[in-house]
Amino acid sequence: MGPGVRQDDIETGLEHGAKPVTAETIIQSLASGLLMGLLYGLIAVGLALIFGLMDVVNFAHGEFLMIAMYVTFFLFAYFALDPLLAAPLVAAALFIFGAVVYLLIVRFAVRAKANTGMVQIFSTFGLAVLMRGLAQYFFTPDYRSVTHSWLGGKTISVGGIYLPEPQLVGALIAIAAFAGLYFFINRTDFGRALEATREDAGAVALVGIDKNKVFALGWGLGAALVGLAGAVMAIFFYVFPDVGASFATIAYVTVALGGFGSVFGAFAGGIIVGLVEAVTTLILPASLKTVGIYAVYLLVVFIRPRGLFGSI
Amino acid sequence: MSITRRNVLLGATAAAALGPIAARAQASEVKIGVIYPFSGASAQIGVDAQRAFETAAEIINNKYDYDLPLARTEGLPGLGGAKVKLIFADHQADPQKGRAETERLITQENVCAVIGSYQSAVAVTASQTCERYQVPYISADNSSPSLHRRGLKYYFRAAPHDEMFSKAMFDFFDAMKKKGTKIETLALFHEDTIFGTDSGNSQLKLANERGYKVVADIKYRANSPSLSAEVQQLKAANADVLMPSSYTTDGILLVKTMAELGYKPNAIVAQDAGFSEKALYDAVGDKLEGVISRGSFSLDLAAKRPMVGKINDMFKAKSGKDLNDFSSRQFMGLIVMADAINRAKSTDGEKIRDALVATDMPGEQTIMPWKRVKFDESGQNNDADPVLLQYVGGKFVTIFPEQAAVAQAIWPMK
Amino acid sequence: MDQAFAQRRRRDLIVAACLAGLAALVPLFVKDVYYQNIMVLTLMYAALSQSWNILSGYCGQISLGHALYFGLGAYTTALLYTKFGVLPWFGMVAGGLISALVAMVLGYPCFRLRGHYFVIATIVIAEITLLLFQNWDWAGAALGITIPMKRDSWLTFQFARSKLPYFYFALALACIAWFVTWWLEDSKWGYWWRAVKDNPDAAESLGVVVFNSKMGAAAVSAFLVAVGGGFYAQFVSYIDPESVMGFQFSLLMALPAVLGGIGTLWGPALGAVILIPLTELTRSYIGGSGRGVDLIVYGGLIIAISLARPQGLVSLFARKPKADARPVREAVAS
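Residue numbers (our numbering), protein chains in the order written: chain A, 61 to 372; chain B, 120 to 533; chain C, 64 to 397.
Okay, structure coming up:
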């Protein structure tokens, strides 16, 4: 029995899953997939950065995104600030938040003498649950949306292919963020300190770099990047306490696909995930579209156990 | 119903101390369990539901001049004026937790009836547990048709199920066609949960039976991060009617994505859910002028039955929202249950069940456009006629069926 | 054979027997079904977490996709019973065997992956299976499977009100999982795993045998978890993909072991005894507010325990640190 055909439908002759696919659908799907993929990359890059820095996977990453979207929403609701203008403020707020999370929780998790891996997974998982609870407590579980913004609902049409402006600008911000990050890590003192700390935390202590400070800044930077993503997402997505869940798994897969420790990997991973998602929806029932993403991840790591561009 | 030792002791002490007053005190409260999601992704539903149930309890427990069962009396006269007390429990959308909480409500809180539950999956286990303890369960807002087909004796549903809802939509299409509107092709868009699957199945079946062509049948993953590819397929299908079965989150994303991809369907006829939630219209109401949604409630009734408006005001004072399809069904769930308990003159499960079976509430004594409330042998009320509402100028107007309609449908939508 | 080690193992066995005996008596005093329900869940999670601990704790292969085996067990049991009338007792064994087989098939490519690549692979494999079941109409798709209610009977393992049969089954399962762990600790596999965990270089020299032992661990772990899944299907009498295969479930299975002490004999049971009643009670008594207070308490507690006691709560009972394992070098040599 093929997928989508029900047993009782054979009797009634029902055929599920009518799915119109035209050339235009394919091009449009790919274009949308590419834009969405760049956003996935932007959401995931903070995760990649933090992992690359200190081998920690933040299981509360989706909740960081949720906080960023709430900050954007409240700046809009109370100060009528457009999400685009709010983006730097959101990034700054998340920077502080990320650094505080490091200093209050992660610092102790990585210091654990036993089971460091599990401790950091579960302390950040606990943080995720806590943040969801707090969001529900303070913001109520209601669904919020930024109702009007400069870009919201606007779209550019090129030869019958629609490129929504929020995603387009989001994609540009993602590209700029990746370029900036690349420059930052390779060309600035702090970036070099970050790299050095990552490679040998003991040795940098000898040359007078405070490891905790570097890590805190690293977490801040990682969170700030999620902040940017959250500000863009808030333009076209809804906000509620559990909103991070849908993005978290995709973000982990994106980072792992690209290879842990590689910022460029997250960029490439995001694009691949976006495109694979689009293509899967053309072939399989839409409810199975993440299966495509997951299958590609497995395929890649079975061939290259460290992802596409991973070094660790 | 078991009587715990503590209650007996308390009762004995009270009887000794107060004499005749104790007898009244004993009957002063009737506990009803209300099981909803209060945390997790659908917590807001639980929060709104709580307000709806509290509104109903307030009307039952105090005197109001409404033509609604139990409104004009204080408490339940059949039980010596006992007040209804609601015990809320959180099932977190998990069938196992729903089962455990129902059991707790019955055995620890000694509730004499249970009302639930929003998620159909939880209704399955909660009602099964009620059956085992012979405590009546009312599905206030579960619309999965499979629920009343399990041969349970203690299961009741006063509201319509998805097949009745879908049938109303197709009746409407037939009526529109007769008037000369072109409706030939349909696009189904439903989520991959029980609700979406049931809804999609019944719509596909009805489309085949009545000769409509389904040009797109898209089952999508609930709470998707993106719906671009799905919407693109809907656009390519370009059906005469788009029929979404989506909750608030996906509903918002669907409408936004449609606008972004330049897709304007001729008409949207939605299977309620997200399309009757205030949050959705707050977010994308400007893009939904003329959207049609099925429902079992309409504020238009307030013109004919003033109490509907007043009850709506009571609910709005508590929740900041108008009654909608969900909150109105929740409200009625408690009214129907309390009415049965009152007539049973007892908190015994079997007697309440018999009273529920004997229920015959005229539609005028409800806040719904229903003919009446009367359960068939499977516990379903087949006289709960659904209505179709159209969102025009920031509010819903009833457009179908004829006898309830206050306006003509605007077709195509703007 | 190390004298102290053998002594400790004997003591563990006696303590376990005493605890199991005491646990068996508890329902005689606690008659409230709500509390009995919590005890059933506690024992079930103890069993699941103990089984998870075999692969993820002892063997060091952290799986956050064990809901896959749980779900396969639940679905095999429920489908065999509802579609072919096969009694759940056989269903549970069949589910266990299928899961063990699947675990080995998946283990073959996955055990080559390290660290987070492995963890994420386990997550996505479980998610893929969840989505396939969600769309598999013969298996009920999203509608799930309801086990029809019949008369109370041990044959069909169905009891309308009584929790006792479920309690004793869960207790037995927890004991079996504990005993298998106890037995493995002193087996060749146990030595190799400890060796690999303490010294990655040893892994190289032991290459093939360690790989095979991991496959074995995966199979044993999956089998036990799947039996737990079959039990759950009977206990709740309704299953759907989200409630038996969801990612949350994988985490819930791992959590008791992590909080109690990962890779320890007593950690999972201890973690379950603390965590499960706590989550159930917070939900029941403060969850009805709709304000997420239960989540705040639950999340805060996980952070606090995992930071304050990284080696798990079981370390509170340890007489001396590292009493747990024999020195590795000696173990490898033996």
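Note that CB positions come from ideal geometry on N, CA and C, so glycine has one too.
Keep in mind that this is a model prediction, so the values were computed, not measured.
Going along the chain, which residues of the region 79 to 91 of chain A sit with their C-beta nearer than 8 Å to a C-beta in chain B? Lys79, Pro80, Val81, Thr82, Glu84, Thr85, Gln88, Ser89
List the residues of chain A whose Cβ lies closer than 8 Å to the Cβ of B:Ala355, in chain order. Pro80, Val81, Thr82, Glu84, Thr85
Amino acids of chain B, ordered along the chain, whose beta-carbon sits closer than 8 Å to that of A:Ser306: Asn342, Ser343, Pro344
As assigned by DSSP and simplified to three states, the class of A:Pro365: coil
Contact under 8 Å by Cβ, B:Asn431 with B:Asp441: yes
Roughly how many angstroms lie between the CA atoms of B:Gly428 and B:Met480, to the nearest whole one? 20 Å
Note the first and the last residue of the continuous beta strand (DSSP E) segment covering A:Ser407. Lying before the first or after the last residue shown, residue 407 of chain A is absent from chain A, which here runs from 61 to 372.
Verify the contact flag: B:Leu305, CB atom, against every heavy atom of the ligand COA, threshold strictly below 7 Å. No copy of the ligand COA appears in this structure; indeed no ligand is present at all.
Roughly how many angstroms lie between the CA atoms of A:Leu102 and B:Val153, to the nearest whole one? 43 Å
Establish whether the CB of C:Ser112 and some CB of chain A are separated by less than 8 Å. no
Under 7 Å Cβ to Cβ from A:Gly367, same chain only, skipping five residues before and after it: list those, please. Ala316, Leu317, Gly318, Gly319, Phe320, Gly325, Val360, Val361
Using a Cβ-Cβ distance under 8 Å, would B:Asp260 count as near chain C? no
Mind pulling the chain B residues with CB within less than 7 Å of C:Ala223? Arg251
Alpha helix (DSSP H) containing B:Glu483: first to last residue? Note, B:Glu483: premise wrong, no alpha helix (DSSP H); not H, not E.
Let me check understanding here. Comparing Cα to Cα, which of C:Ile125, C:Ser162, C:Tyr361 lies closest to A:Phe185? C:Tyr361
Going by DSSP in three states, A:Val299 sits in which element: helix, strand or coil? strand
Are A:Ala104 and A:Thr314 close, meaning C-beta to C-beta below 8 Å? yes
Which residue from A:Val179, A:Gln180, A:Phe124 puts its Cα closest to that of A:Ala153? A:Phe124
Exposed or buried, A:Ile332, counting other C-beta atoms within 10 Å across all chains shown (16 or more means buried)? buried
Please confirm if C:Asn198 has its CB atom under 8 Å from at least one CB of chain B. yes
For B:Ile234, the three-state DSSP class (helix, strand or coil): strand
Name, in chain order, the residues that DSSP records as bridge partners for B:Ala201. B:Leu195
Around the Cβ of C:Cys81, are there at least 16 other Cβ atoms within 10 angstroms (buried) or fewer (exposed)? exposed
A:Ala338 touches chain B at which residues, Cβ-Cβ below 8 Å? Ser347, Ala348
In angstroms, rounded to a whole number, what distance separates the CA positions of B:Lys354 and B:Thr376? 11 Å
So that I know if they touch, is there some Cβ in chain C lying closer than 8 Å to that of A:Ala328? no
I need the boundaries of the beta strand (DSSP E) containing A:Gly318, first residue and last residue. Taken as a continuous stretch (DSSP letters only), A:Gly318 belongs to no beta strand (DSSP E), being part of the alpha helix (DSSP H) at 304 to 318.
What are the start and end residues of the beta strand (DSSP E) that includes B:His309? 304 to 310
Give the DSSP-derived three-state secondary structure of B:Val492 in the structure shown. strand
So, does the region 321 to 328 of chain C touch the region 118 to 129 of chain C, judging by three or more C-beta pairs under 8 Å? yes
So C:Gly355 contacts chain B; which residues on that side make the cut at Cβ distance below 8 Å? Ser158, Ala162
Cα-Cα separation, B:Glu469 to B:Gln247: 15 Å
So, helix, strand or coil for B:Gly409, using DSSP? coil
Taking just the CA atoms, how far does B:Gly194 sit from B:Ser147? 9 Å
Neighbouring residues, chain C, relative to B:Lys440 (Cβ below 8 Å): The premise fails here: B:Lys440 is roughly 15 Å from chain C at the closest Cβ pair, so nothing lies under 8 Å.
Please list the segments of the alpha helix (DSSP H) lying wholly inside the region 224 to 264 of chain C, counting only runs of 4 or more residues, in order along the chain. 227 to 248, 251 to 261
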